[in-house]
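Asker:
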Amino acid sequence: MVFSALGTSPAGLTQAEAETRQARQGKNLIESEKGRSPILAFLSNFTHLMAVLLWVAGIIAFVAGMPELGVAVWLVNVINGCFSFWQEYRAGKATDALKKMLPSYVNVIRDGQEQKILAEDLVPGDVMSLAEGDKISADARVVRASDLQVNQSTLTGESNPVRKTADAVLEEDLTQAETPNLIFAGTSVSEGNGRAVVTRIGMDTEFGKIAHLTQSMEESESPLQLQLNRTTKQITVFASCMGILFLLLDTFFVGSGFAPAFIFALGMVVAFIPEGLLPTVTLSLAMAVQRMSKRNALVKKLNSVETLGSTSVICTDKTGTLTQNEMTVNHLWTVSHEYEVTGVGYAPKGEVLCDGRRVEAADDDDLLLLVSGGALCSNARLLEPEEEGGRYTVLGDPTEACLLVSARKAGIEPTEQERSWPRVRELPFESRRKRMTTIHQLSEPLDGASRVAFVKGAPNEIVRLSTRARVNGESVEMADDLREKIMAANDAYAADGLRVLAVAYRPLLPTDESIPSSPSEYDPDSIERNLTFVGLEVMQDPPRPEVAEAVAQCHRAGIRVIMITGDYGLTAVSIARKIGIVQGERPRVFSGVELEKTSDEELREALKGEVVFARMAPEQKLRVVENLQQMGEVVAVTGDGVNDSPALKKADIGVAMGITGTDVAKEAADMVLTDDNFASIVHAIEEGRAVYANIRKFMLYILNSNVPEAVPSAVYLLSGGAVPLPLTTMQILTIDLGTDMLPALGLGCEAPEADVMDRPPRNPKEPLLNGTVMRKAFLWYGIMGSLASVAAFLFAQIEGGWLPGLTMFGVGADLDPVYVHATTMCLAAIVFTQIGQVLNCRTETASVFSRGIFSNRQINIGIVFEVCLIVFITLFPPFQAIFHTGPLGLTDYIFLCCLPPIVLAVEEARKALFRHVRRRRAERAGAEER
Numbered sequence: 001m002v003f004s005a006l007g008t009s010p011a012g013l014t015q016a017e018a019e020t021r022q023a024r025q026g027k028n029l030i031e032s033e034k035g036r037s038p039i040l041a042f043l044s045n046f047t048h049l050m051a052v053l054l055w056v057a058g059i060i061a062f063v064a065g066m067p068e069l070g071v072a073v074w075l076v077n078v079i080n081g082c083f084s085f086w087q088e089y090r091a092g093k094a095t096d097a098l099k100k101m102l103p104s105y106v107n108v109i110r111d112g113q114e115q116k117i118l119a120e121d122l123v124p125g126d127v128m129s130l131a132e133g134d135k136i137s138a139d140a141r142v143v144r145a146s147d148l149q150v151n152q153s154t155l156t157g158e159s160n161p162v163r164k165t166a167d168a169v170l171e172e173d174l175t176q177a178e179t180p181n182l183i184f185a186g187t188s189v190s191e192g193n194g195r196a197v198v199t200r201i202g203m204d205t206e207f208g209k210i211a212h213l214t215q216s217m218e219e220s221e222s223p224l225q226l227q228l229n230r231t232t233k234q235i236t237v238f239a240s241c242m243g244i245l246f247l248l249l250d251t252f253f254v255g256s257g258f259a260p261a262f263i264f265a266l267g268m269v270v271a272f273i274p275e276g277l278l279p280t281v282t283l284s285l286a287m288a289v290q291r292m293s294k295r296n297a298l299v300k301k302l303n304s305v306e307t308l309g310s311t312s313v314i315c316t317d318k319t320g321t322l323t324q325n326e327m328t329v330n331h332l333w334t335v336s337h338e339y340e341v342t343g344v345g346y347a348p349k350g351e352v353l354c355d356g357r358r359v360e361a362a363d364d365d366d367l368l369l370l371v372s373g374g375a376l377c378s379n380a381r382l383l384e385p386e387e388e389g390g391r392y393t394v395l396g397d398p399t400e401a402c403l404l405v406s407a408r409k410a411g412i413e414p415t416e417q418e419r420s421w422p423r424v425r426e427l428p429f430e431s432r433r434k435r436m437t438t439i440h441q442l443s444e445p446l447d448g449a450s451r452v453a454f455v456k457g458a459p460n461e462i463v464r465l466s467t468r469a470r471v472n473g474e475s476v477e478m479a480d481d482l483r484e485k486i487m488a489a490n491d492a493y494a495a496d497g498l499r500v501l502a503v504a505y506r507p508l509l510p511t512d513e514s515i516p517s518s519p520s521e522y523d524p525d526s527i528e529r530n531l532t533f534v535g536l537e538v539m540q541d542p543p544r545p546e547v548a549e550a551v552a553q554c555h556r557a558g559i560r561v562i563m564i565t566g567d568y569g570l571t572a573v574s575i576a577r578k579i580g581i582v583q584g585e586r587p588r589v590f591s592g593v594e595l596e597k598t599s600d601e602e603l604r605e606a607l608k609g610e611v612v613f614a615r616m617a618p619e620q621k622l623r624v625v626e627n628l629q630q631m632g633e634v635v636a637v638t639g640d641g642v643n644d645s646p647a648l649k650k651a652d653i654g655v656a657m658g659i660t661g662t663d664v665a666k667e668a669a670d671m672v673l674t675d676d677n678f679a680s681i682v683h684a685i686e687e688g689r690a691v692y693a694n695i696r697k698f699m700l701y702i703l704n705s706n707v708p709e710a711v712p713s714a715v716y717l718l719s720g721g722a723v724p725l726p727l728t729t730m731q732i733l734t735i736d737l738g739t740d741m742l743p744a745l746g747l748g749c750e751a752p753e754a755d756v757m758d759r760p761p762r763n764p765k766e767p768l769l770n771g772t773v774m775r776k777a778f779l780w781y782g783i784m785g786s787l788a789s790v791a792a793f794l795f796a797q798i799e800g801g802w803l804p805g806l807t808m809f810g811v812g813a814d815l816d817p818v819y820v821h822a823t824t825m826c827l828a829a830i831v832f833t834q835i836g837q838v839l840n841c842r843t844e845t846a847s848v849f850s851r852g853i854f855s856n857r858q859i860n861i862g863i864v865f866e867v868c869l870i871v872f873i874t875l876f877p878p879f880q881a882i883f884h885t886g887p888l889g890l891t892d893y894i895f896l897c898c899l900p901p902i903v904l905a906v907e908e909a910r911k912a913l914f915r916h917v918r919r920r921r922a923e924r925a926g927a928e929e930r
């Protein structure tokens, strides 16, 4: 039937027919979609809005007669553009990684002969010959299987091998990956052998569909990019308006000539452009990347760091991320006793406890048969660590591997048991039978037999085939009450999301005529009956110990966590409940099949509550992410398989696993976890929030210096020139591009504040320059700086004698020593005030003393630099001529040194009052709740 439907036969296609089909359907290749030119990608780093603004600022500096400053601004642009391009050069290479996962050659049957051909030459109808270790090159229907097991983790994310059969499948509501007679490109044969007829090749395979989904994902701008663009537009409009205003006032109100007024206005425009914004953003992101790398998170794209800080939903895989990806037996059950097994993972460290007491298998006959039978009826191998402190690894089925570990914890060494009870025959597991059997020769008789069959499998199947049971070391008849007791125990474990395997045995008595005389004639029908039930081995992939706290931290931070897994719903909900993702009584559980029948409107409604997604296909996981984004959520997605790559690419921030993750997942993701640990995502979110906070701190610091630069100039303009111009254009630019730059960059290196994860996620639509920043910059910090600068200017003027009517553009005003001294004091006062302000900006509400006032090395260097710069430009004649400054005396420096502590003290008082009010409100709210 299968062969005729595909126009082939067990002897395969003829070479001629294969060539005809290839000419008609093409080669078995993953196609690449044309990407953006590297040249255009490079140039885009120099043409975005902020970069254009900096190019213009450089031109203005040249026009104003300050070519050195113009070159400096342009260099900032060039360095940032090159750095950003290099950081992101290797992003978006998911297609190349997909191709690497497909094998180069494949064994097929053509013209009745087995031959090796290039994988790209496969066509529908080809008969593939499969053996252990082979990678599968196309989607196919299995037509012959001998204990065939396939690792489908690249498609499903679940590492347990899946058994395949050649039988017809009549069950409905199965996903493609769940269908036991189908195999898929990109997967591999983990055990057994077989043959399969190719049904789909290239981009038509499940693998190709994932490749198409991944390639078709459009890159969207990060929340930070959107906010920087918006902020740049605001700053451009504001700076331009201020420049025009100052030009008109100086020309028509003061009466200056157009040329000097234009240069003055250009200086004010440059003053309002935050030239340090781009390098500060880059530095903040780069420093966060360094801190995150020390916490097991490697970031590929700088902007992804801040996107993490905006995350409101995390869609996480289960296996290996929330759990340890190491199946562990945690309970053993016999009719007589229930045992607890301590220790987790494949390391055989732990013990078996009964009523709190350690039990050895040698002292308990039922326990001995249970763990021995489970270990002997297994083909897995436990591998010792290659180096001290390393991890145990397994070869084979993880479920079987954990049976070996439980035996060792009970005091039984499986390798020694195999030598004492050698295997003489195996009846492999089949999905139809749901069990596996091995026959062993015993060194000592068991129930009168020198040969025994151990059977393990689904509890309901084992109990159905059992006619006897072990009770307190004796074999007794299986009564109905025993059956009910066994199944009740199984149901209780299963309801808790645990996986249960039953173990039974059958003594192969020579007097039993139903048993064939030769082991080679043993088959399931003759051996797997009249079993003696021994007990249950109960296992799970245990949650990582630190995940529960990480999930709780997410909840405190207002971040929802949604599990999307390829595992079964009951297991998924159990794990989700244990680690705190699910807290309600009845969470909604979507299977992949159910999701197919659900509309987007119904899905978005369900996503508002507690929901778990199980048995998800790649396009279904992508659909969940898309719907969350349509709801306005900023979505982070974790994954490790090829099946995860479309969702990783579509997500606002894709997070791949570094240990178990495929190359495809890592290339599609924005961040890679080197420890595959969910807790590392939470640390990364903390750093992401700190980045955005640091950028705001930078904006607050830069903008508050604009006010003391503008207010004295406004006084000059509004007085019609009666009050001399307190700052020259060159002095204004000195503050912006000289003294302010390094301390501002230091703010980008601030570590996260203690309460950063106790705040809800910020609204991505909230502007970077929000009302709080503007009010604090202009109406609080700015006024403090303005008062200090005007006071310093007037102090110097009064000290030297009032100079009415003189302006910078009046005859000899800029050469008058009193006026020069006054402008120098105004400049120095702004700089010294900014020393206090940069310390104030380090925290939002907490006292700066709580984190160490001089704990930020970069800010300390910046403060030293700006003080040295003031000393140099006021002390040495060549600098005095360039910056229109004069020397400052001891009295002046005493005055200036008083400014930082005053500014710091005033802001500390405000923060203390704010904390007090917030604490009182919290106390009142708590009292009302009680």
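Take the sequence shown: its letters are residues 1 to 930, numbered as in UniProt numbering.
Even for Gly, the Cβ is constructed at its ideal location relative to N, Cα and C.
Fair warning: this is a prediction, and the values are worked out from it, not measured in the lab.
Which same chain residues end up closer than 7 Å to Leu-442 when comparing Cβ atoms and leaving out the 5 residues on each side of it in sequence?
Answerer: Sequence index remark: in the sequence shown, residue 442 carries index 442 (1-based). Trp-421, Ser-450, Arg-451, Val-452, listed in sequence order.
Asker: Between Ile-835 and the rest of its own chain, which residues show a CB-CB distance below 7 Å, the 5 nearest in sequence each way excluded?
Answerer: By 1-based counting over the sequence shown, the position of residue 835 is 835. Same-chain partners within the cutoff: Ile-863, Pro-900.
Asker: For Asp-758, collect the residues of the same chain with a Cβ closer than 8 Å to its Cβ; drop the 5 residues on either side in sequence, then sort them by chain order.
Answerer: Within the sequence shown, the letter at position 758 stands for residue 758. Excluding sequence neighbours, Asp-758 sits near Arg-556, Ala-557.
Asker: I'd like to check one pair, Gly-592 with Thr-175: are the Cβ atoms closer than 8 Å?
Answerer: Counting from 1 along the sequence shown, the entry for residue 175 is found at position 175. Counting from 1 along the sequence shown, the entry for residue 592 is found at position 592. Taking 8 Å as the Cβ cut-off, Thr-175 and Gly-592 qualify as a contacting pair.
Asker: Taking the straight line between their C-alpha atoms, what separation do you get for Ile-486 and Ile-653?
Answerer: Locating residue 486 in the sequence shown gives position 486, counting from the first residue. Locating residue 653 in the sequence shown gives position 653, counting from the first residue. If I take the Cα positions, the gap works out to 47 Å.
Asker: Pair every Cβ in the stretch 322 to 340 with every Cβ in the stretch 428 to 440, then say whether three or more of these pairs are closer than 8 Å.
Answerer: With a cut-off of 8 Å, the stretch 428 to 440 and the stretch 322 to 340 do not count as touching, because too few Cβ pairs lie within range.
Asker: Since Leu-673 contacts Ala-297 with CB under 8 Å, what's their CB separation in whole angstroms?
Answerer: As a working note, residue 673 is residue 673 in the sequence shown. As a working note, residue 297 is residue 297 in the sequence shown. With 8 Å as the limit, Leu-673 and Ala-297 qualify as a contact, their Cβ atoms being about 6 Å apart.
Asker: Using only alpha-carbon positions, find the residue among Arg-200, Val-78, Asp-167, Phe-62 that is nearest to Leu-6.
Answerer: Position 6 of the sequence shown, counted from the first residue, corresponds to residue 6. For the residues Arg-200, Val-78, Asp-167, Phe-62, the minimum Cα distance to Leu-6 belongs to Arg-200.
Asker: Closer than 7 Å by C-beta to Val-906: which residues in its own chain qualify, once you throw out the five before and the five after it? Chain order, please.
Answerer: As a working mapping, residue 906 is identified with position 906 in the sequence shown. Closer than 7 Å at the Cβ level, and outside the excluded window around Val-906, lie Met-784.
Asker: My parser needs the beta strand (DSSP E) runs of 3 or more residues fully inside the stretch 587 to 628; what are they?
Answerer: Runs of the beta strand (DSSP E) inside the stretch 587 to 628: 588 to 591, 611 to 614.
Asker: In this structure, does DSSP put Cys-841 in helix, strand or coil?
Answerer: Along the sequence shown, one-based indexing puts residue 841 at 841. DSSP places Cys-841 in coil when its eight states are reduced to three.
Asker: Measure the C-alpha to C-alpha separation of Asp-364 and Gly-473 and round it to an integer number of angstroms.
Answerer: Position 364 of the sequence shown, counted from the start, is the residue given in the question as residue 364. Position 473 of the sequence shown, counted from the start, is the residue given in the question as residue 473. Roughly 8 Å separates the two Cα atoms.
Asker: Would you list the one or two residues that DSSP bridges to Ser-240?
Answerer: Residue numbering aside, residue 240 sits at position 240 when the sequence shown is read from its first letter. BP columns for Ser-240 are empty, so no partner.
Asker: Taking Pro-878 as part of the alpha helix (DSSP H), name the residues at either end of that continuous run.
Answerer: Taking the first residue of the sequence shown as 1, we reach residue 878 at position 878. That run of the alpha helix (DSSP H) goes 877 to 883.
Asker: Rounded to the nearest angstrom, what separates Glu-605 and Val-313 at their Cα positions?
Answerer: Translated into the one-based positions of the sequence shown, residue 605 becomes position 605. Translated into the one-based positions of the sequence shown, residue 313 becomes position 313. Answer to the nearest angstrom: the Cα atoms are 15 Å apart.
Asker: According to the neighbour-count rule (16 or more other Cβ atoms, all chains shown, within 10 Å of its Cβ), is Gly-852 buried or exposed?
Answerer: Numbered from 1 along the sequence shown, position 852 holds the residue referred to as residue 852. With fewer than 16 Cβ atoms within 10 Å of its Cβ, Gly-852 is classed as exposed.
Asker: Assign Ile-412 to one of three DSSP states: helix, strand, or coil.
Answerer: Start at 1 with the first residue of the sequence shown, and residue 412 comes out as number 412. In this structure, Ile-412 counts as coil in the three-state DSSP scheme.
Asker: Report the option in Glu-444, Ala-18, Cys-841 whose CA atom is closest to the CA atom of Ile-695.
Answerer: In the sequence shown, residue 695 corresponds to position 695, counting from 1. Here the closest residue by C-alpha is Cys-841.
Asker: What does the alpha-carbon distance come out to for the pair Leu-703 and Asp-755?
Answerer: Here residue 703 is taken as the residue at index 703 of the sequence shown, counted from 1. Here residue 755 is taken as the residue at index 755 of the sequence shown, counted from 1. Cα to Cα, the separation comes out at about 25 Å.
Asker: With respect to the alpha helix (DSSP H) encompassing Phe-793, which residues constitute its N-terminal and C-terminal limits?
Answerer: To locate residue 793, count along the sequence shown from 1; it is residue 793. Note, Phe-793: alpha helix (DSSP H), 782 to 800.
Asker: Just tell me which of Trp-74, Asn-45, Leu-43, Thr-319 has its CA closest to the CA of Gly-58.
Answerer: Walking along the sequence shown from the start, residue 58 turns up at place 58. Of Trp-74, Asn-45, Leu-43, Thr-319, the residue nearest in Cα terms is Trp-74.
Asker: Roughly how many angstroms lie between the CA atoms of Val-715 and Gly-257, to the nearest whole one?
Answerer: In the sequence shown, the residue the question calls residue 715 occupies position 715. In the sequence shown, the residue the question calls residue 257 occupies position 257. Distance between the alpha carbons of Val-715 and Gly-257: 19 Å.
Asker: Please go through the stretch 317 to 361 and give each complete beta strand (DSSP E) segment of 3 or more residues, from N-terminal end onward.
Answerer: Taking only runs of at least 3 residues, the beta strand (DSSP E) segments lying wholly in the stretch 317 to 361 are 328 to 334, 338 to 341, 352 to 354.
Asker: Roughly how many angstroms lie between the CA atoms of Ser-518 and Met-436, to the nearest whole one?
Answerer: By one-based count along the sequence shown, residue 518 stands at place 518. By one-based count along the sequence shown, residue 436 stands at place 436. When rounded, the distance between both Cα atoms is 19 Å.
Asker: Any heavy atom of the ligand HEM inside 7 Å of the beta-carbon of Ala-751?
Answerer: The ligand HEM is not among the ligands present in this structure, which contains no ligands whatsoever.
Asker: Output the distance between the C-alpha atoms of Ala-97 and Ser-850, rounded to the nearest integer angstrom.
Answerer: Your numbering for residue 97 matches position 97 in the sequence shown. Your numbering for residue 850 matches position 850 in the sequence shown. Because Ala-97 carries a pLDDT of 49, less than 50, the predicted location of this residue cannot be relied on, and no value is offered for it.
Asker: Go ahead and label Arg-506 buried or exposed: buried means 16 or more other beta carbons lie within 10 angstroms of its beta carbon, across all protein chains shown.
Answerer: In the sequence shown, counting from the first residue as 1, residue 506 sits at position 506. It counts as buried.
Asker: Ends of the beta strand (DSSP E) at Pro-445?
Answerer: Along the sequence shown, one-based indexing puts residue 445 at 445. Here the beta strand (DSSP E) through Pro-445 covers 435 to 446.
Asker: Threshold first: 3 residues or longer. Then list the beta strand (DSSP E) segments lying entirely within the stretch 453 to 539, N to C.
Answerer: Runs of the beta strand (DSSP E) inside the stretch 453 to 539: 466 to 471, 474 to 477, 499 to 507.
Asker: Using a Cβ-Cβ cut-off of 7 Å (strictly less than) and excluding sequence neighbours within five positions of Arg-391, which residues of its own chain qualify?
Answerer: Within the sequence shown, residue 391 is the residue found at index 391, counting from 1. Once the five neighbours on either side are set aside, the close Cβ partners of Arg-391 are Pro-385.
Asker: If I follow the unbroken beta strand (DSSP E) through Gln-152, where does it start and stop?
Answerer: By 1-based counting over the sequence shown, the position of residue 152 is 152. No beta strand (DSSP E) contains Gln-152, which DSSP labels as neither H nor E.
Asker: Spell out the partners DSSP gives Tyr-105 in its beta bridges.
Answerer: By one-based count along the sequence shown, residue 105 stands at place 105. For Tyr-105, which the question treats as bridged, DSSP gives the partners Leu-118.
Asker: Let's test the definition: count the other Cβ atoms within 10 Å of the Cβ of Asp-491 and tell me whether it reaches 16, buried, or not, exposed.
Answerer: Within the sequence shown, the letter at position 491 stands for residue 491. Burial call: exposed.
Asker: Consult DSSP for Gly-389 and reduce its assignment to one of helix, strand or coil.
Answerer: Taking the sequence shown and counting its residues from 1, the one referred to as residue 389 is at position 389. Coil, per DSSP.
Asker: Just verifying my parser: in three-state terms, what is the DSSP assignment at Ile-314?
Answerer: Along the sequence shown, one-based indexing puts residue 314 at 314. Reduced to three states, the DSSP call for Ile-314 is strand.
Asker: Going by C-alpha distance, which of Ala-380, Gly-309, Ala-145, Ala-684 is nearest Gly-194?
Answerer: The count along the sequence shown starts at 1 and reaches residue 194 at position 194. Considering only alpha carbons, the answer is Ala-145.
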